[in-house]
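Chains as they are written, first to last, in our numbering: chain Y, 51 to 269; chain V, 194 to 416; chain U, 184 to 625; chain R, 1281 to 1477; chain L, 302 to 635; chain B, 908 to 1183.
Glycine included, every Cβ here is placed at the ideal spot set by N, Cα and C.
Computed from a predicted model, the values in this text were never measured in an experiment.
What follows is a set of notes on a single structure, which appears directly below.
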Ligand SMILES: Cc1cc2nc3c(=O)[nH]c(=O)nc-3n(C[C@H](O)[C@H](O)[C@H](O)COP(=O)(O)O)c2cc1C
Ligand SMILES: Cc1cc2nc3c(=O)[nH]c(=O)nc-3n(C[C@H](O)[C@H](O)[C@H](O)COP(=O)(O)O)c2cc1C
Ligand SMILES: Cc1cc2nc3c(=O)[nH]c(=O)nc-3n(C[C@H](O)[C@H](O)[C@H](O)COP(=O)(O)O)c2cc1C
Ligand SMILES: Cc1cc2nc3c(=O)[nH]c(=O)nc-3n(C[C@H](O)[C@H](O)[C@H](O)CO)c2cc1C
Ligand code: SF4
Ligand code: SF4
Ligand code: SF4
Ligand code: SF4
Ligand code: FES
C-alpha cells in the first residue's frame, strides 16, 4: 500500500459519517436516559432525606428553601410533610473546612430547631481518620451472615454524629471535646470533627433564626 | 482455534491484567474493594463486547489508514453509553466510586487492543466470545485484586467482615501505594507459577514484563 | 621542580611491612645447577630463539634475538649447555616455552658489549641501541622494553625523565636497597637515560618513608645534574600517572601514555641495568628481588639470575615457618598469585612474597553496600562500585562509559572494600572484553 | 491568583501526582521506563501534548459543548480531538524541527492511548475546581503541571529501574513485578506531600 | 649442592595448598558486620535514653522489632534458599531503627508488621543487603504511617522511670503550639514522640561516634540539619507565633535520628561526597516544607524516602571526572 | 431533536477533519511497512537467543523479509517451523543439519589437578587469574560461563565440569563464544561419539594433570578399522564429523582414560568418576 492510494476525501468522509452516526446514537441514548438519571439522583437525595426526617409522604426534594447562614454559606432546607403537615426540616450545607475538601452535611431538624439526626452525604476525608467522623456504615460481619439476615433497620450509629442529637445550636460553635465525656471530636481528626460541628451548627443556627419562614413552607 | 479456546484464553492464558499487563490504570485505581473491581470489570466487559461486535461487523469496509480512529470513535460511543446507563441505573455509590475511570475505558489498551488484534480479523461470533472471555478475565483479575486489597486492609470481602476481631483498618492497602505493591505481588505470584511450569517442562522462562510492545499501539498507529 | 610534590586524590595506606627486609643488604645468590629462562619476558613480541639443544653458551651470550622493535633479546645467565627447550610454568599460570641451561660452574663471561666509558659524549642513538642490545625491559613491573620508551615517535617530544624510586608496594624493598647500595649506579643510569633522551636533567622520585635512600641519592645526584624529589607516602604513589602528577602536575589523559605529556618514567632497577649495560658492557641477566613474607624464615634482598626457580630462591631464605596462603610474584597489591614453585625469576620480578594465612584476603564476595570507600580511594577517580556491578551484569558497554579503561589496576578499591568484592578482577575482565570488542569493530 | 496557581502547580506535580496518586498513564509509566533516556523523550512528548490538549479541549468544551448542552459527547469529542491533535503535532514537528521530531516523534502515537491525556481533559471538564474549569488558561496550566508530575514520576522511576537492573532480585520478582513494588514505595514517598495544598 | 645438604631440612610451602586469586592480596580488614555493629553501638545511647523515658514498654518494642526483623530475614532466606545473612548485622540494625521509629505504646503486631514491611518489602524483594533502593526502615515506617495514621500519630508521654508499662498519650513537641515546648526537655528527651525522637544529646553522641569511625559522610547530616535550620529559621522570624524556633525544629521530630542514622544509610544514599551534599540538602528542604505546610506533623521519613528515589539520578549527575579526563577533553594531547 | 442535530453535525465535521488529517499524515509520512515482518515474527519461537546472528527474533524476521537471511538460520526452529516460514514467504527452505554443542573436556573435579581459587565465579574472569587455576591449561574451568550464556538451560555444571544435554541444546552457539578456553564446538547431532579432550600437550604431560585426558593411544583409531572415523591431530584424536562413528566404537575401543565417550551417556552421567 503505497502513499498513492490514499484517498483523502474518502477517509474524511468515512470518519465524518461514522462520528456523526455515533453522535446521533449518543444523543438518542442521552435523551432517553436523562429522566432516569434525574430519578436516580433524586432517589439519592430522597434516601438521604429519609434517613434524617421522620416518615414523610411528600417529595421534600421539590420543596426547598435556600437561606444563608451567618457565615454566608447557603443552607438548603428541605421541608418534610405528612398529609400536608410539616413534620420536620432537613438542612444541607457544604462546608469547605474539611480536611481535604468539601464536606456535605445534612441535618434533620425538629420543628423547634433542635437536631434530630446528622449524616454526611459527601466527603473526601482520609479513610479511617476523617471518615470515622463522617461515615455511618453498617459493618456486616461473617457472623451476621451466618446467623441469618434480619436487617437492622434505621441508621448505623456513629458516636461522633449521634452526639448532636437533641442538641440545639447556641450562639457559639460547639467546642471540640476529644475523648472526654462529651464526645464530638476524635483525636487525629480534629479538623474533620470541627468542620462537621461547624456545619451542624450553621444549619441549626440558620434554622433557629428562620423558624418562622421555614414553618410557612416553600409556597 | 476452537470456540471454547477463544473464550477461555482470556480467562487465564492471555489474561489481560496478569499476563498482558494492559489496562493498568483502572486495574490499580478501582480495586480498593472487591465490589468496585466487579463493577469496573463488568463495565469494561460490556464495552469490550460491544466494540468487538461492531468492529468485527464493519471490518471489511474500514479504510486501513483510519482504522484506529474509527475504532476509537466506536469505543468512545460505547463507553458513553455505558456511562449514561450506569448513571441512570447503577447504584450511585458504585458510580461515584468508579468515577472518572468509566470515561477512561476509552483508552484502556485492552479494548482497543482486542479490536485491533482480534475483532478486526475475525467474525462476529468469535469476536463476541473473545470479548466475553477477555472481559471475564479482566473482571476476574480486578475482583481478585480488589478482594485481596480489601481483605488485607480490613479483613473483609465484599464489605463483609470475615475476621470480627480486626478493628483497625490497614489503610496502606487501600491507598495508592498499596495498589502498586499488591499488583506487584500478584505478578510475582504469576511468575512463580510460570517458573515452576518452565522447570517442569524444561523450557525457557521469561518474566512477565510490560514494554512498549505489549500493547501494540506503536505498531497500530501506522503513520 | 623543587616545588612541593602534589598529592594525588585517593590512595590507601596499607601496613607496609617493609621492616622485614629493609635492613637486609643485597646478597648475591649462589650459582645453581641449572636455570630455566622463560622466552617471553617482555611486553611485545617474544624474541626469536638462536640456540638449540646441546649448544654451549657463555654467560651473557645471546639466547634469543629481538624479533621486532617492540621486542628484546635474551641472554644466558651463566655459562653452560642448553639442556632442553621446553615449557615451563609462566607467571600467568600458562606454560610457556623456556630454555633450560645446565650450568658448567665456570660462570665465564662470553664476548659481551664494548664498554662505553665516555657515555657523556656518546650519541643518543648509540646509547639506545645499547639499551636494546642489552635486553633491558622495565624492571618496575610491566616489563615494557626500555629502548622503546627512549625513542619518542615522530612529533612527540620528551622534556622530563622521571626515575621511579617510590616503591610504594608494601613488603618490597629491592629498589630501596638498590638506591642505598648502588646509588652511584642508579644516578649514573639515570643520567645515561637522560642523555639517551636528549635531556640535561632528570628527577628521581622517592617516597618519604625511605629517608636514608633520599639522603644517599641526594649526595650523589648533584654531580650528575639529577634531582631527587621526596614524595608523600600514599599507595599507589609509584604508579606512573600518579608519579608524573606529583612531580610535574601534568595529568596523563586516559588512554594516552606518559609520552603524551612529555614524560618518560623508568624504574630505579632499570636505571641500574642501563648503567651496567653502558658502563660495564653487561646484558640484563640478573636482578635484585625481595624474598619476603611473614612466614619466610629469613626475608632478604637477593640478586638472582634470570631463570632461578622460586623453589631455589625459597631455599636460600631458609624456607617457611608455616604453610603460607599465597605465593606471589611482585608485591601484595599488584603481584600475581602462583600455584607452582617452578616459576622462575624474570626481568620484572621485583619480589617473591609469601602471604600468610591471617593476612590473605580469602573471603567470599558480598553485594556492594555502596559505602563509597572505593570511590574515595580510587586514584583514577572512577566509580569502582558501579563499574563492578556493570561487569557483573555483563554490561561492558556501560563499564566503558564509566571509564573502566582508565583503571590502573592498583587494587586500592578492592583493598578497602568492606564487602570483599573482587573489584579488580572485574575490571581486568572488562578491559579485556572491551578491547576485544574494539578489535572486532576494527 | 498567584497563590492559586502555585497551589495548582504543587498540587498537580507532587500532591495529586497523576501516576502515583491518580493512576493515570500507568501503562506508559511502566512501559517506557526501562531507560532514563526514553523516559526523558516520553516526558517531553507528554508535556507537550497534554498542555496542548488541555487548551484545545477546554476551548471546545466551554465554547461548544457546554453552551449547546452536549456534555454527554465529552468523551467522544475529547478523544477525537486528542487523536487529531497528536497527528497534527506530528506533521508539524516533522516540518518544523527534525531534531525534535527524532527525539519525541516515536512517542507521539503512544500518547493517543494514554489515559493521562484523556484523563486530564476529562478531569478538567468534569471535576476540577472552578478556577480551572472555567478558564482556558487555568486548564492549560493544570494540564501542563499534571504532565510535569507525570514526567517527574516517570524520570524518577526510570532511574530507579536502571538501578534495579543491577540488583539480584528474586527470580519471581524480576521484571514488572518488582517495578510495581518500587512504584508503590515511590507513591508512599509522594504521599508525604499530602496537605500541601 | 653439598652446602644445602648439610643444613637442616628446610620446610617449603606446599604448592597444592596455595590459593590463587586476583590482586590485591591483602585487605584492609573492614567488613560489613563490623560496620553494622558499630552503628548498633552508636544507637545505644539513644536506646538507653528511650528506655529511661519510656520504661519497659520501650524495651518491649525494641525487642519485638529486632527479633521479628531477624526472624523474618532468616525465614525469607530459607524460602528463597539463600545463605543465612543475619550475622552481617543489618537486620539487627534495621530492627533497632524500626523500634526507634515507633512509639512506646505500639502494639506487638505493629512491630511484626513493620518488620515484615522493612525486611521483605523494603529489602529482600530487591535481593537483600545492598540492592534496596529505599531505606527499609522508612518503607516500614511510612507504610505503617499511611496504614495506621491514628496509631502512628498518637505519642506516649515520657516519664522518668523504668518500671512502667502503661503509657499516657501526648503530643509531640512539633504538635504543640510554639512556646509550649521547653528546650531542656527536648535536649534530654523528656518529650513525647517515638522512641528515637527523644533525646537530642544521645542522638548527637551516636552521630559523633559514626563520624569518628568514618562510617557516614559528614555532608549528609550537615546539609540536612543545616538546611532545616535555615529554612525553619526564616519561617520563625517571619511568623514566630506559628513556627517553632529553628533550634526546636532541629532537635525534635526524629530529625537527628534521620540525619545521623537513616539518611546516611549508604545503600540508599549517593556514593560520592558531592552527591551526599545534594542529598542532604534535598532532605532538609522537603522536611521543612512538609513540617511547615504539610499534613503530617513530621516530614523526615518522607523526605528521606523521596530523596532515596532521587539517589540514582544524583549518582548520575554527581560523577566527577576521572583523573586525566579534563586534559583529554581540552584536546591537549591527541 | 435539535441537540441531536447539532451533535451530529459538529461531531461529524470533527471526525471528517480528523480523517483528512490522517490522510495527509499518511501521505507525508508514507512509510512502507511490510506486513510480512509481523507474520514471520509470529512464526518464530520468540526465544531471542541471537543464534541466527541477528539482534533478536524481530530483527531476524526483518532480515528474512528483506531476503538477507533464510529461515534455516534459526537454530531453534524445528524443520517444520522452518518450512512454515518458508511457505509463508514463498521461498524454498533448505534442509539444515541440526548441530549440538560439545564441551571437549571431561576433566571434572575428581579427575584433574587444580589449585585453590578465590575470586569471581565466572570462567571468563577466572581465566585471568593463573589461567583459571586448573592444572591443565586447556580444560574446562567449570564456572559455567557457557551455562549462563545458554538461553535454553542445556548446559549443566556438574562437579566443576560443563556437561551439555544434547536433547535440550538447540544449536544456537551462544556458549561457543562464552567459553574462554574455546572448548565448545558444534558437532552434528547425529554424531554421538566424541573425544572429550582438547589438550595438544604430550600424553605424559596431560596425564600428570588429568586422569581422563586423551593420551593418543590410538585404540579408537584401530577399532574403527578401515573407516576414517577418528582423526589423529598431533597428540590428540578427534572425531571425524564428516564420517562419524557408531556408538559401538566406544565399547570396542575401550579407551583407557575414558576420554572417548557418548554424548548422550555423558549427559546422563554414565561414566566412571562422574557421580549423579
Ligand atoms: C495522612 C493523614 C491524614 C489525615 N487525615 C485527617 C482527616 O481526614 N481529618 C482530620 O481531621 N485530620 C486528619 N489528619 C490529622 C491532622 O493533620 C491533624 O493532625 C489533626 O487533625 C489534629 O490533631 P489532633 O486531633 O490529634 O489534635 C490527618 C493526618 C494525617 C497524617
Ligand atoms: C502481622 C499482623 C498484622 C495485623 N494487622 C492487624 C491490623 O491491621 N488491624 C487489626 O485490627 N488487627 C491486626 N492484627 C490482628 C491482631 O492480632 C488482633 O486483631 C489485635 O491484637 C486485637 O485488636 P484490638 O484488641 O485492638 O481490637 C494483626 C496481627 C498480626 C500478627
Ligand atoms: C598501581 C601501580 C603501582 C606501581 N608502583 C610502582 C613502584 O612502586 N615502583 C616502580 O618502580 N614502579 C611502579 N609501578 C610501575 C610504574 O607505573 C611504571 O610502569 C614504572 O615505574 C616504569 O618503569 P620501568 O618501565 O622501568 O619499570 C606501578 C604501577 C602501578 C599501576
Ligand atoms: C550509617 C548506617 C546507617 C544505616 N541506616 C539504616 C537505616 O536507616 N535503615 C535500615 O534499614 N538500615 C540501615 N542501615 C543498615 C543497612 O545499610 C541497611 O539494612 C541496608 O539498607 C539494607 O540493604 C544503616 C547502616 C549504616 C552503616
Ligand atoms: S584498581 Fe582501578 S578502580 Fe580500583 S582504585 Fe585502582 S584505579 Fe581505581
Ligand atoms: S568499597 Fe565495596 S561495598 Fe563500598 S562502595 Fe565500593 S564496592 Fe561497594
Ligand atoms: S548448549 Fe550452546 S549451542 Fe546448545 S542451546 Fe545452549 S548455548 Fe546454544
Ligand atoms: S566449557 Fe568453558 S565456559 Fe563452560 S564451564 Fe568449562 S571453561 Fe567455563
Ligand atoms: S490503562 Fe492507563 S495508560 Fe494504559
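TODO: Below 8 Å CB to CB, which residues in the same chain sit around residue 296/U once its five sequence neighbours on both sides are set aside?
DONE: 313, 316, 317, 460, 464, 465 and 466
- [ ] Please compile the residues from chain V whose C-beta is within a distance smaller than 9 Å of the C-beta of residue 197/Y.
- [x] Within 9 Å Cβ-Cβ: nothing; residue 197/Y doesn't reach chain V, min ~12 Å.
Open item on the list: Any beta carbon of chain V sitting closer than 8 Å to that of residue 444/L?
Closed with: yes
- [ ] On a CA-only basis, which of 263/U, 306/U, 497/U and 293/U is nearest residue 287/U? Give me that one, please.
- [x] 263/U
Open item on the list: Within a Cβ cutoff of 8 Å, which residues of the same chain sit near residue 498/U, ignoring the five residues on either side of it in sequence?
Closed with: none
Task: Backbone secondary structure at residue 409/V - three-state DSSP - done: Confidence at residue 409/V is low in this model, with a pLDDT of 44, below 50, so its placement is unreliable and the value that follows should be read with caution. Note: residue 409/V maps to coil in three-state DSSP.
Open item on the list: At 4 residues or longer, what runs of the alpha helix (DSSP H) sit wholly inside the segment 1397-1460 of chain R?
Closed with: 1410-1414 and 1416-1444
Open item on the list: Between the alpha carbons of residue 1043/B and residue 1108/B, how many angstroms are there, rounded?
Closed with: 9 Å
Task: residue 1466/R versus 316/L, 604/L and 334/L, residue with shortest Cα-Cα distance - done: 604/L
Open item on the list: Under 7 Å: does the beta carbon of residue 1341/R sit that close to some heavy atom of ligand 7?
Closed with: Judged by the Cβ position, residue 1341/R fails to qualify as a neighbour of ligand 7 at the 7 Å threshold, every heavy atom of the ligand being at least this far.
TODO: Just the chain L side, please: which residues come within less than 8 Å of residue 1036/B by C-beta, in chain order?
DONE: 321, 322 and 323
Task: Top-ranked residue by Cα proximity to residue 1303/R, from 1445/R, 1452/R and 1430/R - done: 1430/R is the residue among 1445/R, 1452/R and 1430/R whose C-alpha sits nearest the C-alpha of residue 1303/R.
TODO: For chain L, find out if any of its Cβ atoms is closer than 8 Å to the Cβ of residue 364/V; answer yes or no.
DONE: yes
Open item on the list: Between residue 606/U and ligand 6, is there a pair consisting of the residue's CB and a ligand heavy atom that are separated by less than 7 Å?
Closed with: yes
TODO: Give a yes or no on whether 8 Å exceeds the smallest Cβ distance from residue 320/V to chain L.
DONE: Output row for residue 320/V: interface = no.
Open item on the list: Against chain R, does residue 1032/B count as a neighbour if the rule is that its beta carbon must be under 8 Å from one of theirs?
Closed with: It does not; no Cβ of chain R falls within 8 Å.
Task: Cβ-heavy atom distance, residue 313/L to ligand 5, below 7 Å - done: no
Task: Counted within 10 angstroms of its Cβ, other Cβ atoms place residue 1022/B as buried (16 or more) or exposed - done: buried
Open item on the list: Using the Cβ count rule (16 or more neighbours within 10 Å means buried), how would you classify residue 262/V?
Closed with: So residue 262/V counts as buried.
TODO: Starting from the C-beta of residue 970/B, find all residues in its chain whose C-beta is less than 6 Å away, skip the five residues before and the five after it, and write them out in chain order.
DONE: 961 and 976
- [ ] Please confirm if residue 370/V has its CB atom under 8 Å from at least one CB of chain B.
- [x] no
Open item on the list: Tell me which residues share the same chain as residue 247/Y and place their Cβ nearer than 7 Å to its Cβ, disregarding the 5 neighbours each side in the sequence.
Closed with: 223, 224, 226 and 234.
- [ ] Specify whether the segment 274-284 of chain V and the segment 332-351 of chain V touch according to this definition: at least 3 beta carbon pairs, one from each stretch, less than 8 Å apart.
- [x] no
TODO: Residues of the segment 1434-1454 of chain R with a CB closer than 8 Å to any CB of chain U: list them in chain order, please.
DONE: 1445, 1446 and 1448
Open item on the list: When you compare the CB of residue 206/V with every CB in chain B, is at least one pair closer than 8 Å?
Closed with: no
Open item on the list: Please list, in chain order, the chain U residues whose beta carbon lies closer than 7 Å to that of residue 1027/B.
Closed with: 605, 608 and 609
- [ ] Determine the contact status of residue 518/U and residue 511/U, defining contact as a CB-CB distance below 8 Å.
- [x] Yes. Within cutoff.
- [ ] Would you be able to state if there are at least three C-beta pairs under 8 Å between the segment 523-530 of chain U and the segment 582-594 of chain L?
- [x] no
TODO: Please report the residue range of the alpha helix (DSSP H) in which residue 994/B lies.
DONE: 986-996
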